[in-house]
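Take the sequence shown: its letter number 55 is residue 54 in numbering that gives the first Met the number 0, and every next letter is one higher. Here the structure is laid out as structure tokens; the discussion comes afterwards.
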Amino acid sequence: MRDMRTPLPGRRLAALALVAGAVWLGFGSAARAEAPRRPQAVVLAPGTPAGEALLVGNRAGTVSVVRTADLTLLGEAPAGANITDLALLPDGARVLAVDHGAHELLVLRPGNGDWTAPGPFPAAAAAPLLEVEAAVPTCRYPVRAARQDASLAVSCLWSRRVQMYDLTGPDATAGDLDTPRWVADLPFEPQEMLFLGDGKLLVADGFGGGLAVVSAADGELLRTKELTGHNLRGLTLLPDGRLGITHQELHTGMHTTSDDIRWGVFITNSVSLMPLDDLVSGNPRLGRRTRIMDLGDVLTPSGDPAAMVVSPEGELVIALSGVGRLAFGGADARRMSHARVGRGPSAIAADGNGLLYVANTRSDEISVVALAEQTEVARIPLGPAAPLTAVERGELLFHDASLSLRGWMSCASCHTQGHTNHRLSDTLGDGTYGAPKRVLSLLGVADTKPWAWDGQIRRLEDQVVKSVRTTLRGRRLEEREVSDLAAYLRTLELPEVGAPVESALLAEGREAFDRYACNRCHTAPVYTSPGVHNVGLTDELGHDRFNPPSLRGVRFRRALLHDGSAKSLEEVFEVHPGLGVEVSADDLPALIAFLRTL
Ligand code: HEC
Ligand code: HEC
């Protein structure tokens with residue numbers, strides 16, 4: 000078994016040696032062999048019929064079950080549509096699953112399946128290992144759950160809110176999930192959350208650099224902070240009271256030249272350690288008091304940091320999801336050491352005995368890592384899957400930082416979750432350096448031909464080749480890789496937000512959109528058109544003709560126009576009135592109300 004590099008302390012050693020090599024055989028017909036599982040959440044449940052078990056939430060909608068005593072995969076249970084997070088309920092046996100795909104919260108409890116089957120071969124399950132005790136509708140696009148005692152917080156990505164539920168102690172029931180205690184609207188799409196311990200909840204932006212401190216008692220927004228980094232992940236409290244956040248940063252004024260990328264001055268992958276008090280109190284010196292640790296260097300790839308855990312001794316462990324590694328180091332380390340795991344490590348669960356369980360999202364496995372030795376000691380495949388489709392292969396490439404020079408970034412570093420990190424980047428998009436452009440969202444990109452701000456790209460495949468060559472400075476792609484990536488891009492869709500609530504204001508806005516002939520350039524149904532136009536805006540290099548951005552999903556953009564100079568829809572018309580037409584101040588509220596529904 001190729002993963003047995005260092006002997007594991009203790010009793011599990013013998014069992015481990017058996018697991019990874021053989022686990023496929025007995026998986027049997029009960030396993031779904033269709034879509035890849037794409038594990039993206041892990042939680043240790045100490046109170047199952049097997050004792051401690053690792054539960055794995057999969058994008059395929061299933062939850063896989065691994066008995067940790069002998070690292071045996073017991074099987075998987077269908078649960079929902081797309082499980083993005085799991086939180087242990089107070090009884091230690093049941094878990095709450097966040098079903099992003101069905102917009103539901105699920106309570107899962109151990110079923111009558113065989114939790115004590117002898118390893119290493121899991122038997123084809125006759126009875127389910129887990130049962131859905133309750134499935135309760137929640138906000139649109141729930142993404143993470145965090146529990147502290149009887150408080151359960153759920154972040155809702157595209158609906159831009161966090162909701163708090165009260166659980167009635169160990170016997171928490173579905174009824175507890177019927178109505179949230181409070182709902183807090185946020186100025187960004189929230190994803191990761193962390194209870195700060197003093198009645199506060201920290202919430203981080205899923206795309207850009209927003210942080211919010213919310214009162215856990217009533218949802219009041221106590222503080223917001225905009226960091227210069229983006230892709231904020233891995234919120235962790237250190238034993239010394241500091242807050243750790245993993246993130247990336249695009250450095251202003253730098254270019255996608257091979258030199259800027261190689262030396263790590265274009266984009267960096269880091270963990271920031273910041274004094275919590277300064278963050279919560281809004282101390283303007285926060286920036287200076289924050290320690291930024293680089294996770295890689297010119298020789299050590301570190302693209303796309305994700306989850307982070309910290310040991311009781313203060314050792315940080317960070318999943319580098321773009322390059323299939325874990326980074327290790329103390330909070331004062333000068334340089335992190337790295338260990339290899341599977342593809343796309345994105346979530347980590349730590350047991351109390353020095354073992355880490357890492358969900359390798361893109362290779363459908365769990366890596367078991369010994370913290371002290373900093374080595375992977377076993378790998379548990381989650382079961383057979385059908386051969387990958389072109390779209391699935393393209394998705395792997397999109398998130399693979401080894402496509403870039405020295406592994407500093409993937410497509411997802413800027414086009415986060417297919418959307419955007421809301422930053423500017425000087426990428427040779429227009430053939431020159433010196434006029435950084437807003438990173439475009441790729442949601443709905445199939446329909447917005449031609450592509451790029453200058454509207455010069457007529458085949459999505461050409462943009463793929465160009466992005467890898469001049470943005471990532473990566474290797475030459477094979478023909479099939481190009482078409483796979485393009486096939487994946489064509490599947491990226493805007494979130495479904497439902498039909499707008501009709502109102503007089505909306506009708507007025509729709510009428511104004513027609514009256515001003517906005518349709519001439521922003522033509523329904525995609526609200527763009529193929530040409531380029533001068534609407535009175537010029538970039539740093541004198542380019543003044545741009546392809547009209549599609550207005551579909553415009554509400555999800557934080558910065559607008561090619562240079563991000565408008566910070567809101569209002570500003571598009573106030574700061575830059577010359578979009579080919581003068582919009583009167585009287586029409587603006589209605590027009591904007593209409594744009595927000597697209
Ligand atoms: C460093 C940030 C960055 C990375 C990494 C990146 N892009 Fe982009 N992308 C941009 C920017 C900025 C633009 C707009 C450039 C322009 O038009 O001048 C863009 C534009 C695009 C567009 C055109 C979208 C439209 O609506 O016109 C596509 C498609 C695209 N990128 C795909 C990719 C792919 C595929 C990868 C990975 C191979 C990738 N990008 C990596 C920053 C990035
Ligand atoms: C002559 C073509 C044309 C007309 C007419 C036009 N636009 Fe645009 N629009 C553009 C172009 C080109 C841009 C990009 C300009 C830039 O970023 O420098 C743009 C940008 C925008 C943006 C910012 C989108 C983003 O993602 O940055 C909004 C919003 C917008 N237009 C709305 C409207 C509305 C509403 C009307 C009618 C009142 C209108 N436009 C009329 C061509 C046009």
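Glycine residues also receive a C-beta, built at the ideal position from the N, C-alpha and C atoms. These numbers come from a predicted model, not from an experiment.
Problem - Touch test, the segment 205 to 224 against the segment 414 to 428, Cβ-Cβ under 8 Å, three pairs minimum - result: yes
Exercise for the section: Spell out a yes or no on whether the segment 195 to 202 and the segment 210 to 221 are touching, meaning 3 or more CB-CB pairs, one atom from each, closer than 8 Å. Expected result: yes
Problem - Straight-line gap, A400 to T419 (C-alpha atoms, nearest Å) - result: Here residue 400 corresponds to residue number 401 of the sequence shown, with the count starting at 1. Here residue 419 corresponds to residue number 420 of the sequence shown, with the count starting at 1. Taking the straight line from one Cα to the other gives about 17 Å.
Practice task
Take the Cβ of L24 as the centre, count every other Cβ of all protein chains shown within 10 Å, and call the residue buried at 16 or more, exposed below.
Solution key: Along the sequence shown, one-based indexing puts residue 24 at 25. With a pLDDT of 35 at L24, under the threshold of 50, the modelled position of this residue cannot be trusted; read the value that follows with caution. Exposed.
Exercise for the section: Compute the minimum distance between the beta carbon of R554 and the heavy atoms of ligand 2, and state whether it is under 7 Å. Expected result: Residue mapping note: residue 554 aligns to position 555 of the sequence shown, counting from 1. Incorrect: R554 has no Cβ contact closer than 7 Å to ligand 2.
Exercise for the section: List the residues that DSSP assigns as beta-bridge partners of H532. Expected result: The residue labelled residue 532 in the question sits at position 533 within the sequence shown. Its beta-bridge partners are F545.
Problem - Boundaries (first-last residue) of the alpha helix (DSSP H) holding L151 - result: If you number the sequence shown from 1, residue 151 lands on position 152. Unbroken run through L151 is the beta strand (DSSP E), S150 to C155; no alpha helix (DSSP H).
Handout entry: Helix, strand or coil at V590 [DSSP, three-state]
Key = Here residue 590 refers to the residue found at position 591 when the sequence shown is read from its first residue. Residue 590 is actually Leu in this sequence, not Val. Residue state, collapsed to three classes: helix.
Practice task
State the DSSP-derived secondary structure class of L559, mapped to helix, strand or coil.
Solution key: Walking along the sequence shown from the start, residue 559 turns up at place 560. Reduced to three states, the DSSP call for L559 is strand.
Exercise for the section: Name the one or two DSSP bridge partners that Q147 has. Expected result: Stepping through the sequence shown from its first residue, residue 147 is reached at position 148. DSSP, once it has assigned bridges, lists S150 as partnering Q147.
Problem - Paired residues, beta bridge with V161 - DSSP - result: In the sequence shown, counting from the first residue as 1, residue 161 sits at position 162. Bridge partners of V161: S154 and A183.
Problem - Near ligand 2: H414 beta-carbon under 7 Å from a heavy atom - result: Here residue 414 refers to the residue found at position 415 when the sequence shown is read from its first residue. Result no, Cβ not under 7 Å from ligand 2.
Exercise for the section: Under 8 Å Cβ to Cβ from F187, same chain only, skipping five residues before and after it: list those, please. Expected result: Residue mapping note: residue 187 aligns to position 188 of the sequence shown, counting from 1. Closer than 8 Å at Cβ, skipping near neighbours: R159, D204, G205, F206, G207, G209, A211 and R557.
Exercise for the section: To the nearest angstrom, report how far apart T115 and P48 are at their CA atoms. Expected result: On the sequence shown, residue 115 is found 116 positions in, with the first residue counted as 1. On the sequence shown, residue 48 is found 49 positions in, with the first residue counted as 1. If you take the alpha carbons of T115 and P48, they lie about 8 Å apart.
Problem - A369 - partner residues in DSSP beta bridges - result: If you number the sequence shown from 1, residue 369 lands on position 370. Partner(s): L354 and T374.
Exercise for the section: Compute every distance between the C-beta of G140 and the non-hydrogen atoms of ligand 2, then say whether any falls below 7 Å. Expected result: The sequence position of residue 140 within the sequence shown is 141, counting from 1. Note that residue 140 corresponds to Tyr in the displayed sequence, not to Gly. False, no ligand heavy atom lies under 7 Å from that Cβ.
Practice task
Give a single yes or no on whether W114 has its beta carbon closer than 7 Å to a heavy atom of ligand 1.
Solution key: Sequence index remark: in the sequence shown, residue 114 carries index 115 (1-based). Answer for W114: no, Cβ out of range of ligand 1.
Exercise for the section: Between the Cα of A44 and those of N57, R66 and T61, spot the shortest distance and give me the residue it belongs to. Expected result: Position 45 of the sequence shown, counted from the start, is the residue given in the question as residue 44. Comparing Cα positions, the closest option is R66.
Problem - CB of V463 within 8 Å of CB of A445, strictly - result: In the sequence shown, the residue the question calls residue 463 occupies position 464. In the sequence shown, the residue the question calls residue 445 occupies position 446. Not a contact, by the Cβ cut-off of 8 Å.
Handout entry: Beta-carbon separation (whole angstroms), H229 vs R422, contact threshold 8 Å
Key = Here residue 229 corresponds to residue number 230 of the sequence shown, with the count starting at 1. Here residue 422 corresponds to residue number 423 of the sequence shown, with the count starting at 1. H229 to R422, Cβ: 6 Å. Contact.
Practice task
Below 6 Å CB to CB, which residues in the same chain sit around P8 once its five sequence neighbours on both sides are set aside?
Solution key: Your numbering for residue 8 matches position 9 in the sequence shown. Annotation note: pLDDT 41 at P8 (below 50); position unreliable, coordinate value reported separately. Nothing meets the Cβ criterion.
Problem - Opening and closing residue of the alpha helix (DSSP H) in which F512 lies - result: As a first step, residue 512 must be located in the sequence shown, where it is residue number 513. Here the alpha helix (DSSP H) through F512 covers A503 to R514.
Problem - CB of G313 within 8 Å of CB of P238, strictly - result: Locating residue 313 in the sequence shown gives position 314, where the first residue counts as 1. Locating residue 238 in the sequence shown gives position 239, where the first residue counts as 1. Their beta carbons are under 8 Å apart, which means G313 touches P238 by this criterion.
Problem - Spatial distance of V22 from I266 (CA atoms) - result: Locating residue 22 in the sequence shown gives position 23, counting from the first residue. Locating residue 266 in the sequence shown gives position 267, counting from the first residue. Interpretation of V22 is limited by its pLDDT of 38, a score under 50 that renders its predicted location unreliable; no figure is taken from the coordinates.
Problem - P548 Cβ short of 7 Å to ligand 2 heavy atom set - result: If you number the sequence shown from 1, residue 548 lands on position 549. For ligand 2, at least one heavy atom lies less than 7 Å from the Cβ of P548.
Practice task
State yes or no: is the C-beta of S301 nearer than 7 Å to some heavy atom of ligand 1?
Solution key: Counting from 1 along the sequence shown, the entry for residue 301 is found at position 302. S301: no, Cβ never under 7 Å from ligand 1.
Handout entry: Between the CA atoms of L587 and E581 - distance to the nearest angstrom
Key = On the sequence shown, residue 581 is found 582 positions in, with the first residue counted as 1. On the sequence shown, residue 587 is found 588 positions in, with the first residue counted as 1. Whole-angstrom Cα-Cα distance: 11 Å.
Handout entry: Cα-Cα separation between R551 and D350, rounded to whole angstroms
Key = The count along the sequence shown starts at 1 and reaches residue 551 at position 552. The count along the sequence shown starts at 1 and reaches residue 350 at position 351. Roughly 45 Å between the two C-alpha positions.
Handout entry: Backbone CA spacing between R489 and D483 [nearest angstrom]
Key = Within the sequence shown, the letter at position 490 stands for residue 489. Within the sequence shown, the letter at position 484 stands for residue 483. Spanning the two alpha carbons is a distance of roughly 10 Å.
Problem - Nearest-angstrom beta carbon gap, T360 and Q39 [assumed within contact, 8 Å] - result: The residue given as residue 39 occupies position 40 in the sequence shown. The residue given as residue 360 occupies position 361 in the sequence shown. About 5 Å; that satisfies the 8 Å criterion.
Exercise for the section: Measure the C-alpha to C-alpha separation of V94 and L70 and round it to an integer number of angstroms. Expected result: Locating residue 94 in the sequence shown gives position 95, counting from the first residue. Locating residue 70 in the sequence shown gives position 71, counting from the first residue. Approximately 20 Å, taken between the alpha carbons.
Exercise for the section: Taking 8 Å as the cut-off, decide whether the C-beta atoms of V316 and M307 are in contact. Expected result: Walking along the sequence shown from the start, residue 316 turns up at place 317. Walking along the sequence shown from the start, residue 307 turns up at place 308. Cβ atoms of V316 and M307: closer than 8 Å.
Exercise for the section: Taking the CB atoms as reference points, tell me whether P77 and G56 lie closer together than 8 Å. Expected result: Here residue 77 is taken as the residue at index 78 of the sequence shown, counted from 1. Here residue 56 is taken as the residue at index 57 of the sequence shown, counted from 1. The answer is no: Cβ separation not under 8 Å.
Exercise for the section: Could you tell me whether any non-hydrogen atom of ligand 2 is closer than 7 Å to the CB of Y356? Expected result: To locate residue 356, count along the sequence shown from 1; it is residue 357. Flag unset: Cβ of Y356 not near ligand 2.
Practice task
May I ask whether a heavy atom of ligand 2 can be found less than 7 Å away from the beta carbon of L423?
Solution key: Within the sequence shown, the letter at position 424 stands for residue 423. It does not: the Cβ of L423 is nowhere closer than 7 Å to a heavy atom of ligand 2.
Exercise for the section: Give, in chain order, every unbroken run of the beta strand (DSSP E) that is at least 3 residues long and sits entirely within the segment 196 to 226. Expected result: 199 to 204, 209 to 214 and 220 to 225
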